[in-house]
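Residue numbers (UniProt numbering): 1 to 134.
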């Protein structure tokens, strides 16, 4: 049985946490969600498979969190997707070391596809894609 992939999601918008959380749990991911960017450091561990971070969170900036994680030997291998309502922030997200950037609002299937690509688990497609295709 394949190991469940661990995803950390940080966003101060409860709607994003709920919607993305439901989709990722449906897709079979082990989700650890927080509305506080500073808690990411307590949640992340070397076996985390991917992080999804909002750029603008109250009290923290996803780009700063990304920079810190990418400069740490224990966590630099973990893919990070940054997202924000400000599409113009893509270049600063990439400069912070993000592996991908998604402007809000985003398509859930697109998000799942990007997660699959970055965690190297592309296969028969996601459960959501298969449901939509049926």
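Idealized CB from N, CA, C, for every residue including glycine.
What you are looking at is a predicted structure, and each value in this text was computed from that prediction instead of being measured.
For residue i: DSSP bridge partner residues
i	result
residue 60	57
residue 69	None, per the DSSP bridge assignment.
residue 81	52, 100
residue 34	10
For residue j and residue i, the rounded distance between their alpha carbons
i	j	result
residue 128	residue 108	Caution is warranted here: a pLDDT of 38 is assigned to residue 128, below 50, making its placement in the model unreliable, and the coordinate value is therefore given only provisionally. One C-alpha to the other measures close to 9 Å.
residue 71	residue 106	28 Å
residue 119	residue 99	11 Å
residue 96	residue 26	30 Å
residue 111	residue 20	9 Å
residue 45	residue 7	11 Å
residue 15	residue 55	16 Å
residue 4	residue 117	16 Å
residue 30	residue 50	11 Å
residue 43	residue 75	12 Å
residue 64	residue 28	29 Å
residue 93	residue 73	20 Å
residue 40	residue 62	10 Å
residue 90	residue 102	8 Å
Range covered by the beta strand (DSSP E) that runs through residue i
i	result
residue 8	6-10
Buried/exposed call for residue i, threshold 16 Cβ in 10 Å
i	result
residue 11	buried
residue 58	exposed
residue 155	This structure gives no information on residue 155, because the portion of the chain shown stretches from 1 to 134.
residue 85	exposed
residue 33	buried
residue 60	buried
Any C-beta of chain D under 8 Å from that of residue i
i	result
residue 11	Among the chains in the structure shown there is no chain D, since it carries only a single protein chain.
Span of the alpha helix (DSSP H) around residue i
i	result
residue 113	108-118
residue 93	90-95
residue 42	40-43
Integer-rounded CB distance, given that residue j should sit under 8 Å from residue i
i	j	result
residue 52	residue 81	5 Å
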